[in-house]
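Protein sequence lines correspond, in order, to chains A and B. Under the UniProt record's numbering, the residues of the first sequence are numbered 1 to 341, in order. Under the UniProt record's numbering, the residues of the second sequence are numbered 1 to 341, in order. Here a beta-carbon is modelled for each residue, glycine too, at the ideal position from N, C-alpha and C. What follows is a single structure, written as structure tokens, with notes after it.
2 protein chains.
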Amino acid sequence: MKKATRRSTTIRDVASAAGVSVGTVSRSLNAPDSVRPATLVKVRTAIEALGFQPDSRAQIMRRRHTMTIGFVVDDIGNPLHATTFKAVSAVMRERGFSPYLVNTEGGAENEAAAIDMLQHGRADGVIMTINSEKDAGTLKRLEQLRIPSVLLDRDIPLDIDAVLTDHAVGMQQATSYLIGLGHRRIALITGGSDIRPGRERIRGFVEAFRQRDLEVPTDLIRAQSLSADYGFREASNLLQREKPTAIIAAGNRILVGVLRVIQQNKLSIPGDLSLIACDQTDLALLYPGPITLIDRNIEEIGRTAAHLLLERLGSADDKPAQRISLPTRLILGGSCAPVPA
Amino acid sequence: MKKATRRSTTIRDVASAAGVSVGTVSRSLNAPDSVRPATLVKVRTAIEALGFQPDSRAQIMRRRHTMTIGFVVDDIGNPLHATTFKAVSAVMRERGFSPYLVNTEGGAENEAAAIDMLQHGRADGVIMTINSEKDAGTLKRLEQLRIPSVLLDRDIPLDIDAVLTDHAVGMQQATSYLIGLGHRRIALITGGSDIRPGRERIRGFVEAFRQRDLEVPTDLIRAQSLSADYGFREASNLLQREKPTAIIAAGNRILVGVLRVIQQNKLSIPGDLSLIACDQTDLALLYPGPITLIDRNIEEIGRTAAHLLLERLGSADDKPAQRISLPTRLILGGSCAPVPA
DNA sequence: GACTGTTTTCGAAACGTTTCCAAACATAGT
DNA sequence: ACTATGTTTGGAAACGTTTCGAAAACAGTC
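Next up, the structure:
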């Protein structure tokens, strides 16, 4: 019993089965209007009979586009990224693109691999959050990127479209709010200053104190990683040693870590400690009561990025990159109280 | 000033620049050992000089595999899916595959599109959660799927590898536990019985009552959707009308909805109501205190699926499909109390 | 029925690789 | 110097489409 070699049926098989040329089959598929109805049915029945499906590898090879776009992200476990991706997907799908997502785990080499993978024709465009803003290899790759791309909340010295969040203003407002409630020992835990959100948040934090001519509690600033573990570690340290009266957990994973500490120490919010978070996550909305937070419209970020990409996808000419900055807003929850007199 | 037509440099350009044949260039790239060191450097400098990068479209067209695998999921906003994907990615990357994710939003047509997209050579294999277990079109597509695939927690009458969770036993244990605490009016909110998890959970729930010869509170079973909104709606209804003494929120999105109700009605857990959740999410672990839950090892599910896929990817012969079922375990938190006498 | 103009079809080239076969070359053994 | 053996290389075919120019078929008009 010989093993069937399962060579899938090609357009040529269809052509000979239908008694037409391959060109005609191709046109029946891609421009049915250009073929006589009678031949169309011949071709269609042949296709049906043979169960023919065009090989998209070959199609991609010929037509120079794939109608897919890539979404590159460092950690899809972060619900923000998931939401952004969904918003991007909704817009792109409407325009006939299939979006797919690549998770890099933050490693520079994985980011490089992801970019390379998309680089050559695997996608028509990319939307991405790159963690290694400073990594030379990554920068070089981005520079040579020959497909349209949009950067999310990252700031690199290259001519690439970007959608940014105005973290500085947001953080400045939140900090001011706490200062207004009488807090001075305010701690800030956020991501590393090597990427934009960290930098900007620190800037806003500092600014809020400066505006009122108060001394900036630089000893209470912890900015290294956006992970839950980091949040846990730093919150533990801070509470043990520095006794802040308020903590700003700037990063939704960080919030998880901070809440873990709060729970362990059985602290009451806002009785023992005022707390401000970033972004509406399930946790921020539900933890005993809603937490006061610096919110932003994640869907809008995604949609904006998608539109930026579509624009670039549409026109081949190299117009200069756009960077669009979107605002945040402070949503008051129940997690902040005046500092006891 | 004429617009440079930007035809990217091909292997042929490199060949003539280096004064060798295209075949040699190709081999320099793919099997450097088979080419004389002297020619190798000629080729390499030419590649460097021209900034040549092989067109992966063409490569994919020739070699018949892409070294990528697809991960298809209905809602990447669900942290479980994200975790699974990360576990899958870790394993697959180790073996040289690039995994990417496609989000279908649950729509049958999107699922179909995703499968089609992968179907022809866009990926060497797929791991997926299909929502339309009963959708004829989807089933047919799966049946004709010509690439190795693994199903997650779904049960369809086709010969496809699958990794399942033993929801029935898990639910039976949880329900028994509540019964043991004296609860009788136990509500179950979970996904539709049209997909496996819903079916199995109901089965386990019912089983627990039957075992003790108790009447099954069928009026308290709500099984239609895994969404947060559904959880919210049904929990509201149940609490208003049926006054259960315990609720099992089986589905992490459902839990979000249920907690919203609990918060709104200022219910105390477990004082006013006992609560059991599924899967360790941030919320389940942190909401005021840890919630008692039916847990499972998500990473292991991902890893298992990845290994199953690798196995199939490795051997071309059609061995019968495997289905591997993984257990759950009950983790006691602080959200259940004996029913007041 | 010849002429024109339009629609439809054919056949071949092209896309950029990889891979196969045979030719060229080098190395060593006699 | 010649053959036998092994290593490198060149050239062309192949992968399965799309597309393009030219040929063929058709329809309408005089």
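Which term fits B:T45, buried or exposed, when burial requires 16 or more other beta carbons within 10 angstroms of its beta carbon? exposed
Mind checking whether A:I331 and A:I248 have CB atoms under 8 Å apart? no
Integer Cβ distance of A:G198 from A:G231, believed to fall under 8 Å: With a Cβ gap of about 13 Å, A:G198 and A:G231 do not count as contacting.
What does DSSP give as the partner residue(s) for A:G125 in the beta ladder? A:I69
Is the Cβ of A:R95 closer than 8 Å to any Cβ of chain B? no
Hey, how far is the Cα of A:T165 from the Cα of A:S193? 15 Å
Cβ neighbours of A:I269 in the same chain (closer than 6 Å, five flanking residues each side left out): L275, S335
First and last residue of the uninterrupted beta strand (DSSP E) at A:S274: 274 to 278
Taking DSSP as the reference, what is the three-state secondary structure of B:A337? coil
Between B:T190 and chain A, is there a C-beta pair that is closer than 8 Å? no
Starting from B:V43, find everything on chain A with Cβ-Cβ shorter than 8 Å and list it in chain order. The premise fails here: B:V43 is roughly 19 Å from chain A at the closest Cβ pair, so nothing lies under 8 Å.
Relative to the alpha-carbon of B:A112, which residue among B:F97, B:G125, B:A223, B:V72 has its alpha-carbon at the smallest distance? B:V72
Closer than 8 Å, CB to CB, is A:F85 near chain B or not? yes
Taking only three categories from DSSP, how would you classify residue 347 of chain B? Residue 347 of chain B cannot be examined here, being either before or after the span of chain B that is shown, 1 to 341.
Determine contact between the stretch 116 to 127 of chain B and the stretch 39 to 56 of chain A, defined as no fewer than three beta-carbon pairs at a distance below 8 Å. yes
Taking the Cβ atom as the reference point for each residue, do B:C278 and B:A305 lie within a distance shorter than 8 Å? no
Identity of the residue in B:T175, B:R241, B:N237 nearest B:V216 by Cα: B:T175
Do the stretch 19 to 38 of chain B and the stretch 296 to 312 of chain A touch if we need at least three Cβ pairs shorter than 8 Å? no
Cα-Cα separation, A:A235 to A:V261: 7 Å
Would you grab the beta carbon distance between B:V91 and B:R303 for me? Rounded to a whole angstrom, and I think it's under 8 Å. 5 Å
According to a CB-to-CB cut-off of less than 9 Å, which residues of the stretch 89 to 121 of chain A neighbour chain B? S89, A90, R93, S98, P99, Y100, L101, V102, N103, E105, N110, A113, A114, D116, M117, Q119, H120, G121
Roughly how many angstroms separate the alpha carbons of B:G180 and A:Y177, rounded to a whole number? 50 Å
Identify the contact partners of A:G289 in chain B, using a Cβ-Cβ distance below 8 Å as the criterion. Q263
DSSP three-state assignment for residue 346 of chain A, whether helix, strand or coil: Only positions 1 to 341 of chain A appear in the structure, and residue 346 of chain A is not among them; the question remains open.
So which of A:D74, A:G70, A:K86 has the shortest CA-CA distance to B:I76? A:K86
Is the distance from the Cβ of A:Q172 to the Cβ of A:E207 below 8 Å? yes
Buried or exposed (CB count within 10 angstroms, at least 16 for buried), B:A114: buried
Compare the beta carbon distance of A:H183 and A:V339 with 8 Å and say whether it is the shorter of the two. yes
For B:R196, go through chain A and note every residue whose CB falls closer than 7 Å to its CB, in chain order. Residues of chain A passing the Cβ test: none, with the nearest at roughly 23 Å.
For the beta strand (DSSP E) containing B:S325, list its first residue and its last residue. 323 to 326
Against A:S149, what residues of chain B qualify as contacts under a CB-to-CB distance less than 8 Å, listed in chain order? Neighbours of A:S149 on chain B: none; closest Cβ ~16 Å, over 8 Å.
Could you give the DSSP three-state label for B:L226: helix, strand or coil? coil
Which of the three DSSP states, helix, strand or coil, is assigned to B:D166? coil
Could you give the uninterrupted runs of the beta strand (DSSP E) lying entirely in the stretch 280 to 313 of chain A, keeping only those of 3 residues or more? 292 to 295
With a threshold of 7 Å on Cβ separation, who are the neighbours of B:S225 within its own chain once the five nearest residues in sequence on each side are excluded? G191, G192
Between which residues of its own chain and A:T39 is the CB-CB distance below 7 Å, once the five residues before and five after are set aside? V20, T24
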